[in-house]
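Heads up, the thing below is written out as structure tokens.
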Amino acid sequence: MPIATTGLVLRQVKLGEADQILTLLTPDLGVISASAKGSLRLKNKLFSACGHFSYSEFVLTSGRSHYFVDDAQVKKVFYGVSSTVEGLALASYMAEVAAELSPAPPEAEAQLRLLLNCLYMICEKKRPWRQLKAIYELRALCLAGYMPDILACANCGKYDGGSFYFSPVEGRLLCADCADRERHLPNLDPGALYALRHICLSEDNKLFSFSLADASLKNLSGVCEQYLLTHLDHGLKTLDFLKTVVE
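Using my numbering, the letters of the sequence shown map in sequence onto residues 2 to 248.
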């Protein structure tokens, strides 16, 4: 029986001359693999809808190990991500993270919405790449059930004032004094700490509405990346590529 769903193309793997296997992030099926026969031919009805970073309406048939794309219509193609090498590298990294997290319903809907919003922001170039990267990494982890304890120092309860240390392993905060007693160096200045809390706790429509000085943004970016990699427990090729492009 055909299944109708929307989905974002996270990855394409070419098979033969014109076929491909797609990795799709969908709101009601989660992350799935789908065979799109003939979709690499320019005149094929699936061509545009099955492109990288295409957000489309799909009609699928379920098979033993994956789905088959029977029909597809484009809703949105994020052409702007490829206007710069930095944008393409960042979007590819986000797509790989989404595939790695492999969210299942109902979490998948929120993860899809987050990624679509981030791709839009990349296209519009409205925020620095470090900020978009940090927002996506930390918010995606929160949605996946890895909400850190960022309200106050885990030892003494101090809320603000001065620098703090965020543990990427334990997901908790320590004020500078408590961090020193545990032999940790602070990695969050006040601006980065504010942004960390904002990303975790803000509503969707306010998620991108903050700005940071370069030094604070660098601190935030480092902490969010470490937190993500700790929970994934391995590196990502797209992250390595992103770093060669922007650093």
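Virtual Cβ for every residue (Gly too), placed ideally from N, Cα, C.
Can you tell me whether DSSP reads residue i as helix, strand or coil?
{"i": "CYS179", "result": "helix"}
{"i": "LYS77", "result": "strand"}
{"i": "ARG65", "result": "coil"}
{"i": "GLY158", "result": "coil"}
{"i": "VAL170", "result": "coil"}
{"i": "ASP234", "result": "coil"}
{"i": "THR85", "result": "coil"}
{"i": "ASP205", "result": "helix"}
{"i": "GLY31", "result": "strand"}
{"i": "LYS15", "result": "strand"}
{"i": "TYR147", "result": "coil"}
Just checking my contact of residue i with residue j at CB under 8 Å: how many whole Å lie between their CB atoms?
{"i": "MET95", "j": "LEU116", "result": "6 Å"}
{"i": "ILE123", "j": "TYR68", "result": "That pair is no contact at about 28 Å."}
{"i": "LEU113", "j": "PRO28", "result": "5 Å"}
Near residue i, which residues of its chain fall below 7 Å by C-beta distance, leaving aside the five closest residues on each side in sequence?
{"i": "ASN156", "result": "LEU175, CYS179"}
{"i": "TYR160", "result": "ALA153"}
{"i": "ARG198", "result": "ILE151"}
{"i": "ARG53", "result": "In the sequence under discussion, the amino acid at residue 53 is His, which differs from the Arg named in the question. Answer for HIS53: VAL10, GLN13, listed in chain order."}
Taking 6 Å as the cut-off, is the beta-carbon of residue i closer than that to any non-hydrogen atom of the ligand MN?
{"i": "VAL60", "result": "Ligands are entirely absent from the displayed structure, and the ligand MN is therefore not among its contents."}
Within the same chain, show all residues whose beta-carbon is closer than 6 Å to that of residue i, passing over the 5 residues directly before and after it, in chain order.
{"i": "CYS143", "result": "CYS201"}
{"i": "LYS77", "result": "TYR56"}
{"i": "SER135", "result": "In the sequence as displayed, the identity of residue 135 is Ala instead of Ser. Excluding positions up to five away in sequence, the list reads LEU221, SER222, CYS225."}
{"i": "VAL247", "result": "GLU87"}
{"i": "ALA5", "result": "VAL60"}
{"i": "SER63", "result": "none"}
Could you tell me the distance, in whole angstroms, from the CA atom of residue i to the CA atom of residue j?
{"i": "PRO187", "j": "LEU194", "result": "11 Å"}
{"i": "GLN74", "j": "ARG65", "result": "24 Å"}
{"i": "VAL98", "j": "ASP181", "result": "33 Å"}
{"i": "THR24", "j": "ALA35", "result": "7 Å"}
{"i": "VAL70", "j": "LEU43", "result": "17 Å"}
{"i": "HIS235", "j": "THR7", "result": "30 Å"}
{"i": "GLU58", "j": "ASN45", "result": "16 Å"}
{"i": "PRO3", "j": "ALA37", "result": "15 Å"}
{"i": "TYR80", "j": "LEU16", "result": "24 Å"}
{"i": "LEU208", "j": "LYS238", "result": "27 Å"}
{"i": "LYS219", "j": "GLU18", "result": "44 Å"}
Ignore the nearest five residues each way along the sequence and tell me which others in residue i's own chain have a CB closer than 8 Å to its CB.
{"i": "LEU213", "result": "GLN132, GLY192, ALA193, ALA196, LEU221"}
{"i": "ASP20", "result": "SER36, ALA37, LYS38, GLY39, SER40, LEU41"}
{"i": "ALA100", "result": "LEU11, ARG12, THR24, LEU26, VAL32"}
Take every Cβ of the segment 160-178, pair it with every Cβ of the segment 215-235, and state whether three or more of those distances are shorter than 8 Å.
-> yes
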